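Note that the protein sequences, when read in sequence, are chains S, H and E. Residue numbering for the first sequence follows the working numbering, starting at 1 and increasing by one per position. Residue numbering for the second sequence follows the working numbering, starting at 1001 and increasing by one per position. Residue numbering for the third sequence follows the working numbering, starting at 2001 and increasing by one per position.
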Amino acid sequence: MSKTNAGRFFEDYAVGQVIDHAVPRTVSGGERALYHALYPARHALYSSDKFAQDSGLPKSPMDDLIAFHTVFGKTVPDVSLNAVANLGYAEGRFLKPVYEGDTLRSRSEVIGTKQNSNGKTGVVYVRTQGLNQNDEVVMEYVRWVMVRKRDVDAAVPDAVVPDLKKVLGVEDLVIPEGLDFSNYDFTLAGETHRWDDYQVGEKIDHVDGVTIEEAEHMMATRLWQNTAKVHFDATFREDGKRLIYGGHVISMARALSFNGLANAQMIVGINGGAHANPCFAGDTVKCWTEVLDKTETNAPGVGALRLRLVATKGGTPFALKGEDGKYDPNVLLDLDYWVLIPR
Amino acid sequence: MSKTNAGRFFEDYAVGQVIDHAVPRTVSGGERALYHALYPARHALYSSDKFAQDSGLPKSPMDDLIAFHTVFGKTVPDVSLNAVANLGYAEGRFLKPVYEGDTLRSRSEVIGTKQNSNGKTGVVYVRTQGLNQNDEVVMEYVRWVMVRKRDVDAAVPDAVVPDLKKVLGVEDLVIPEGLDFSNYDFTLAGETHRWDDYQVGEKIDHVDGVTIEEAEHMMATRLWQNTAKVHFDATFREDGKRLIYGGHVISMARALSFNGLANAQMIVGINGGAHANPCFAGDTVKCWTEVLDKTETNAPGVGALRLRLVATKGGTPFALKGEDGKYDPNVLLDLDYWVLIPR
Amino acid sequence: MSKTNAGRFFEDYAVGQVIDHAVPRTVSGGERALYHALYPARHALYSSDKFAQDSGLPKSPMDDLIAFHTVFGKTVPDVSLNAVANLGYAEGRFLKPVYEGDTLRSRSEVIGTKQNSNGKTGVVYVRTQGLNQNDEVVMEYVRWVMVRKRDVDAAVPDAVVPDLKKVLGVEDLVIPEGLDFSNYDFTLAGETHRWDDYQVGEKIDHVDGVTIEEAEHMMATRLWQNTAKVHFDATFREDGKRLIYGGHVISMARALSFNGLANAQMIVGINGGAHANPCFAGDTVKCWTEVLDKTETNAPGVGALRLRLVATKGGTPFALKGEDGKYDPNVLLDLDYWVLIPR
């Protein structure tokens, strides 16, 4: 028997299965520095211990997306090695900030399976949790992927499709203990715009762009210990291109959105997300945001915005879908998330 | 009104203005490791805690240019987003070593403005200070840039051109508290040449070269949270090239100068500097040094050298300017600085 | 006299010489994060403090090859600046784990010299030790390189060729104090295969591949403060290619071998190694392993495997040498090492 991991196929998943993913990871200032070298990340809460302390936290946490990528990366060998497509995200919640020295691991429960009508593939739904060294859940999200069957004749159970929230409510959002924006320093944060200044329906063109390099997306993807061949091996796809990890685009766009959303400090929820088109080295990633909703919170001085973040590789600003309902070919990412911002 | 930062234009600056720049930054071993991965930095004082302790410091500080870049990067959104050219530096002083865990922010005062005769641009002079979490100034420098006017018809005040020192005197240099080179280990430092071995007028060809990659200069520039579009977005300039942050060339040349100046441990002053020609990915950076001056200091075993560091992209060693007084087209950088070296 | 380092030539070496290499280095979480960004390193012992503590260590050490590269890099200016070829390794032993905050330096003793029959070059054998801040030896290895003579007419002493072990015995291997795999968590480690599951003669195709980028190998090589021009300066070789540091291939292959050897946690011995063919950017590195030997150890639950790790740039899996005894042109590395694995 081969000793290498062939990955799970569709018929290997069953609702109720719990998978403990391998390779726990202790994060340090090294991960933080690399994150800030790979993305133009500038949100002050994740850059300065003092700013974080002035906001009621013990010190500056790891960027929220470091936690997401670290947790996500561990699931790849078990969930998406034979995936044909990463179909969606839902019910993503950040439950506890991650600090230097924390050790993260991941656990997933299969919450749905549904064979496709072609009989060759199926959709697998997993709810993944990231846990720290004290077995506290630091974040969780649902993801569904299309996976090949090993044997097209394998019998499969009846379809189970989980009932997922289209949007997290404010009651679902967990605000870090102690967070307080009452004495928020807008000068040090970089912009004057506060919660009140954003209107539902408002769109922001974030203006800046970054042309993507192979070395950068591979370093990022490896740092999260994501092992999918397609990101690293230029001989794997017939066209000789390395497909860029969708999370690289998420982080790039989130960082670029600083320009116009400098005070949108902490991601607390991910309502949904689609990797609309593949991204390759040489693409210049830009992004725009639409304000979808806004709500107050119980934390002092803290409001929440629900934002649509759209990453593109050029094209017309604010273009999203054509009349046929399909994504514009220049759209890379359509992400729906909740973020905390001073009121 | 657009929420993104359009940057300041010439008529937005007035002598006496103080600008507190955004996004304070806590530095860690991650920044140090990245600096040493991006540049061939080998000065022992910035590489080894033990070597630094044997030199009278509590431990190994961050490389002096990490402090410079971090402080500089924060000024970009306020000072040079609409800059046409980075014209010069003066009176740069390193006042206090920066250690892991320190949080840096930047503050600039406008000390001069002078509209150009074309009426479309002007020169702005700022004195920038980097402060740590205890509000101590860790470094400062004067920089002047040419900035576009938003409105060519805008009225501007009379020109004020600050009186800047051409060269810092030894009395201007601040030697880190406790620094002592009496028991300096030349073997561990890498070369035997001490202060006495360098003569005014001496020139050193540092021999080594590095061919620059896009991924590297972008990672460096992002690490300093420098947001200038021209470094990242290949669609921004008409020629499709990303202009390399001048500081990347400074650090590359300083690191390459180790070979011949291994004992020139700490930069304490920057007298002046010119980015003579643009640098692009694919250029092979080499450098040479001319000893301009030397002086004793009050610290035990510590001398100072005033050096001209010239970075080139090939061409004849020691070529600097043509008969017309213009820089040789292969010269990238002409930097005049003071450095501490054992006597 | 030139102040730059011209490197030693063959006639500059004499048996018994001890060379203390320059630039000690304090390592931190930054080096670890960069290592994991540059290589797909996933061995749990080097990724998680908790996993390491559950294995009897105080916390997660630096990856064993971080120690090797750091120690090796310091020797380059003294040993291999004028090397024509890196001929071999022997008697490599990892004696003490390296932790964040340790300061490493290197010392070599010349243990053999032998002029080649052409009179223009010779082979130099050095035994190099890496020492920490407490003067403890953390690792050691023998390396031999072919070095040019400065003066072909220089007289040289009689040849001395050291008697080196072809293979380290189990009694030569040093197991880290306290290491205990009795309660090893195979799920968190990523695979179920233990010592018993590997058979002498067994071959494993590790399947995964990484296409190499210039920025990555240069960052790695600089991080180890390896200064050899040929890795950095595209104008140095006539073909305009930068030769990739052989250690980059070692680390890439070792990391890729996780897939099939996830439990082969710690390298404790290097029996030998050959850089069979040069590696350049654009090559896609893959690897395979042959189990050469296996032995029990005195540590609880800990077995040892002797492995041949072969890195290739494509070609047929398991191809090694042709009928003429020469390496297949696709073979980059042939490494013979001992590794610790749970029984």
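Built from N, CA and C at the ideal position, the CB exists for glycine as well. In this text, all values refer to a predicted model and were calculated from it rather than measured experimentally.
*Please state if the CB of residue 2285 of chain E and the CB of residue 2210 of chain E are separated by a distance shorter than 8 angstroms.*
Cβ atoms of residue 2210 of chain E and residue 2285 of chain E: closer than 8 angstroms.
*asked:* Below 8 angstroms, how does it come out for the segment 1218-1225 of chain H and the segment 2224-2233 of chain E: are there three or more Cβ pairs, yes or no?
replied: Counting C-beta pairs closer than 8 angstroms gives fewer than three between the segment 1218-1225 of chain H and the segment 2224-2233 of chain E, which falls short of the contact rule.
*In angstroms, rounded to a whole number, what distance separates the CA positions of residue 2307 of chain E and residue 2336 of chain E?*
Rounded to the nearest angstrom, the two C-alpha atoms are 6 angstroms apart.
*Under 9 angstroms between beta-carbons, which chain E residues line up against residue 1124 of chain H? List them in chain order, please.*
What residue 1124 of chain H touches in chain E: nothing, since even the nearest Cβ is about 35 angstroms away.
*Could you pull out every residue in the same chain whose Cβ sits closer than 7 angstroms to the Cβ of residue 2216 of chain E, ignoring the five residues on either side in sequence?*
The answer, listed in chain order, is 2038.
*Let me know if residue 32 of chain S comes out buried or exposed under the rule of 16 or more other beta-carbons within 10 Å of its beta-carbon.*
Burial call: buried.
*Which residues does DSSP pair with residue 1287 of chain H in a beta bridge?*
The secondary-structure analysis by DSSP pairs residue 1287 of chain H across a beta bridge with H/1311.
_One or two residues paired with residue 1342 of chain H in a DSSP bridge_ = Bridge partners of residue 1342 of chain H according to DSSP: H/1302.
*Of the residues S/200, S/82, S/18 and S/248, the one placed nearest residue 120 of chain S, counting alpha carbons only*: Selected option, being the one with the closest Cα: S/82.
_On a Cα-Cα basis, can you pick out the residue from E/2322, E/2188 and E/2288 that is closest to residue 2263 of chain E?_
Residue 2263 of chain E has its Cα closest to that of E/2188, out of E/2322, E/2188 and E/2288.
*Quick one: which chain H residues come within Cβ less than 8 angstroms of residue 211 of chain S?*
Against chain H, the beta carbon of residue 211 of chain S has neighbours under 8 angstroms at 1214, 1232, 1233, 1234, 1235 and 1242, listed in chain order.
*Could you please tell me which residues of the segment 2023-2045 of chain E, in chain order, have their CB closer than 7 angstroms to any CB of chain H?*
Against chain H - using a Cβ distance shorter than 7 angstroms - the residues of the segment 2023-2045 of chain E are 2023, 2024, 2025, 2026, 2028, 2029, 2030, 2031, 2033 and 2034.
_I want to check one thing, is the minimum distance from the CB of residue 2042 of chain E to the heavy atoms of the ligand MN below 7 angstroms?_
Absence of the ligand MN from the depicted structure is noted, as is the absence of any ligand whatsoever, leaving it without description.
*Mind listing the chain E neighbours of residue 218 of chain S? Cutoff is C-beta to C-beta under 8 angstroms, in chain order.*
Chain E residues near residue 218 of chain S: 2210, 2213 and 2216.
*asked:* Quick check: residue 1170 of chain H and residue 1297 of chain H, are their CB atoms within less than 8 angstroms of each other?
replied: Taking 8 angstroms as the Cβ cut-off, residue 1170 of chain H and residue 1297 of chain H qualify as a contacting pair.
*Count the C-beta pairs between the segment 14-24 of chain S and the segment 97-106 of chain S that are closer than 8 angstroms, then say yes if the count reaches three, no if not.*
The answer is yes - the segment 97-106 of chain S touches the segment 14-24 of chain S, with three or more Cβ pairs under 8 angstroms.
*Taking the C-alpha atoms as reference points, what is the distance between residue 391 of chain S and residue 266 of chain S?*
Residue numbering for chain S in the displayed model covers 1 to 343; residue 391 of chain S lies beyond these limits and cannot be assessed.
*Along the beta strand (DSSP E) that carries residue 2271 of chain E, what are the first and last residues, could you check?*
In the DSSP assignment, residue 2271 of chain E falls within the unbroken beta strand (DSSP E) covering 2266-2275.
*On the three-state DSSP scale, how would you describe residue 185 of chain S?*
For residue 185 of chain S, the secondary structure class from DSSP, reduced to helix, strand or coil, is coil.
*Note down, one range per segment and in chain order, each beta strand (DSSP E) of at least 3 residues found wholly within the segment 1046-1130 of chain H.*
Those beta strand (DSSP E) runs which fall completely within the segment 1046-1130 of chain H and span 3+ residues are 1083-1094 and 1103-1115.
*Residue ranges of each beta strand (DSSP E) within the segment 149-215 of chain S, 3 or longer*: List check, beta strand (DSSP E) in window: 203-205.
*Specify the secondary structure class of residue 2337 of chain E as computed by DSSP and reduced to three states.*
Of the three classes helix, strand and coil, the one that applies to residue 2337 of chain E here is strand, per DSSP.
*Assign residue 2181 of chain E to one of two classes, buried (16 or more other C-beta atoms within 10 Å of its C-beta) or exposed (fewer than that).*
Burial of residue 2181 of chain E is indicated by the presence of at least 16 other C-beta atoms within 10 angstroms of its C-beta.
*Residues sharing a beta bridge with residue 296 of chain S, DSSP*: Residue 296 of chain S is bridged to S/303.
*asked:* Contact between the segment 2061-2080 of chain E and the segment 2091-2100 of chain E is defined here as three or more beta-carbon pairs at a separation below 8 angstroms; is this criterion met?
replied: When Cβ pairs closer than 8 angstroms are counted between the two stretches, the segment 2061-2080 of chain E is seen to touch the segment 2091-2100 of chain E, the count reaching three or more.
*Could you tell me which chain H residues have their CB closer than 7 angstroms to the CB of residue 260 of chain S, listed as they occur along the chain?*
Within 7 angstroms of the CB of residue 260 of chain S, the CB atoms of chain H belong to 1003 and 1004, in sequence order along the chain.
*Kindly list the residues whose CB is nearer than 8 angstroms to the CB of residue 1157 of chain H, restricted to its own chain and excluding five residues on each side of it in sequence; keep chain order.*
The answer, listed in chain order, is 1014, 1015 and 1113.
*Once you ignore the five residues that flank residue 43 of chain S on each side, which residues in its own chain have a CB closer than 6 angstroms to its CB?*
265, listed in sequence order.
*residue 2140 of chain E - DSSP class collapsed to helix/strand/coil*: Three-state result, residue 2140 of chain E: strand.
*For residue 1315 of chain H, which residues from the same chain have a beta carbon less than 7 angstroms from its beta carbon, with the 5 sequence-adjacent residues on both sides left out?*
Exclusion of the five residues before and after residue 1315 of chain H leaves 1328 and 1330 as the residues of its chain whose Cβ lies within less than 7 angstroms of its Cβ.
_By the three-class DSSP mapping on this structure, what secondary structure does residue 261 of chain S have?_
Helix.
_Beta-bridge pairing of residue 2026 of chain E - partner residues as DSSP gives them_ = The secondary-structure analysis by DSSP pairs residue 2026 of chain E across a beta bridge with E/2103.
*At 8 angstroms on the CB atoms, spell out the chain E contacts of residue 1050 of chain H, in chain order.*
The contacting residues are 2024, 2026, 2103 and 2133.
*From H/1243, H/1168, H/1249 and H/1303, pick the residue whose C-alpha is nearest to that of residue 1280 of chain H; which is it?*
Closest in C-alpha terms to residue 1280 of chain H, from the list H/1243, H/1168, H/1249 and H/1303, comes H/1243.
*Is it buried or exposed for residue 1268 of chain H, if we count other Cβ within 10 angstroms and need 16 for buried?*
With 16 or more other Cβ atoms within 10 Å, it is buried.
*Using three-state DSSP, classify residue 1249 of chain H as helix, strand or coil.*
It is helical.
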